[in-house]
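These notes are about the structure you will find just below.
Numbering (the numbering used here), first residue to last: 5 to 300.
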């Protein structure tokens, strides 16, 4: 088994992404122009945002209210907001392919990610899924093979959800195919996988995933999903289901109402299942009278 190297929360001076009150130095903000184009900026004193519309000083945005409108030197306007997690996911630096918001929401529901839940995630990629689960209140342990991905995920998470959530996040450099180390509590409540061969993890789930726990795999290919389902069945996991999520927006302009010509269709299949209890259970024999009525 590979020797784990743990990355704790990064300390890069990134400010907590506030949720209320005026915009602060170090916050990420979203600038939106009159054509709904979006630009992500980190507020820094004495710096400017430059675009086709002319410069806009960060100092004018620091201390402003979210939703306020500001003019550039050319007289064009930008509206400033705090970005949503979805905005940050689309704009975050990445090495690996990011899991997009249309799948992040369903993953949180299917895996039942909630406050206090202990999650093993492998691999962490750019940290988009990690950030979503941390924001939902989970404690996340990540397994990642590449050091550059692990460091980028830690930084993206800190910028997306702030230091309190980042304190519940660790990333270990290790191969989940070789095994799973149990946390202090004796097991994980959830195992979430974004790997080429998630079926290789299934033999390690017994003992690592608590009874009643949920495993979920994100797989681009249906053949990956099929092989994962086969491994789940052989290992005795139950309630397995595979689905995909399609995202189609609509044009709504007065009387012109129709689906948009483009949509975000297939990205990946989501397969989830539950771990049954390993405890021996002795059921009382059925009553003879009940059997007779059933036979009749």
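Don't be surprised by glycine CBs; every beta carbon is placed ideally from N, CA and C.
Pair within 9 Å by beta-carbon distance, residue i and residue j
i           : j           : result
residue 150 : residue 131 : no
residue 249 : residue 282 : no
residue 125 : residue 195 : yes
residue 122 : residue 189 : yes
residue 133 : residue 91  : no
residue 87  : residue 27  : no
residue 175 : residue 157 : yes
residue 211 : residue 186 : yes
residue 213 : residue 192 : yes
residue 94  : residue 35  : no
residue 164 : residue 112 : no
residue 52  : residue 44  : no
Assigned exposure category for residue i - 16 Cβ within 10 Å defines buried
i           : result
residue 143 : buried
residue 168 : exposed
residue 254 : exposed
residue 276 : buried
residue 24  : exposed
residue 31  : buried
residue 5   : Unreliable positioning characterises residue 5 in this predicted model, as indicated by a pLDDT of 46, which lies under 50. A coordinate reading is not provided.
residue 73  : exposed
residue 356 : No answer is possible for residue 356: the residues shown for the chain start at 5 and end at 300.
residue 171 : exposed
residue 245 : exposed
residue 115 : buried
residue 154 : buried
residue 107 : buried
residue 135 : buried
residue 182 : exposed
residue 261 : exposed
Identified DSSP bridge partners for residue i
i           : result
residue 83  : 36, 73
residue 254 : 263
residue 192 : 213
residue 153 : DSSP output for residue 153 lists no bridge partner at all.
residue 278 : 218, 242
residue 46  : 32
residue 160 : According to DSSP, which records beta bridges pairwise, residue 160 is partnered with nothing at all.
residue 148 : 177
residue 55  : Paired residues: none, contrary to the question.
residue 223 : 273
residue 123 : 144, 194
Option nearest residue i by Cα separation, candidates the options
i           : options            : result
residue 117 : 129, 96, 139       : 139
residue 269 : 36, 33, 251, 52    : 251
residue 237 : 53, 279, 261, 215  : 279
residue 85  : 47, 200, 171, 213  : 47
residue 222 : 201, 60, 273, 78   : 273
residue 234 : 206, 93, 82, 191   : 206
residue 202 : 226, 263, 153, 60  : 226
residue 50  : 239, 78, 29, 147   : 29
residue 240 : 94, 114, 170, 209  : 209
residue 229 : 267, 243, 247      : 247
residue 184 : 155, 164, 154, 145 : 145
residue 68  : 78, 33, 96, 267    : 33
residue 96  : 129, 263, 52, 40   : 129
residue 75  : 135, 148, 109, 37  : 37
residue 137 : 261, 79, 173       : 173
residue 120 : 55, 141, 232, 224  : 141
residue 148 : 78, 166, 179, 160  : 179
residue 232 : 258, 256, 266, 204 : 204
Inter-stretch contact (C-beta, 8 Å, three-pair minimum) for the stretch 103-112 and the stretch 63-75 | Flag = no, the stretch 103-112 and the stretch 63-75 do not touch.
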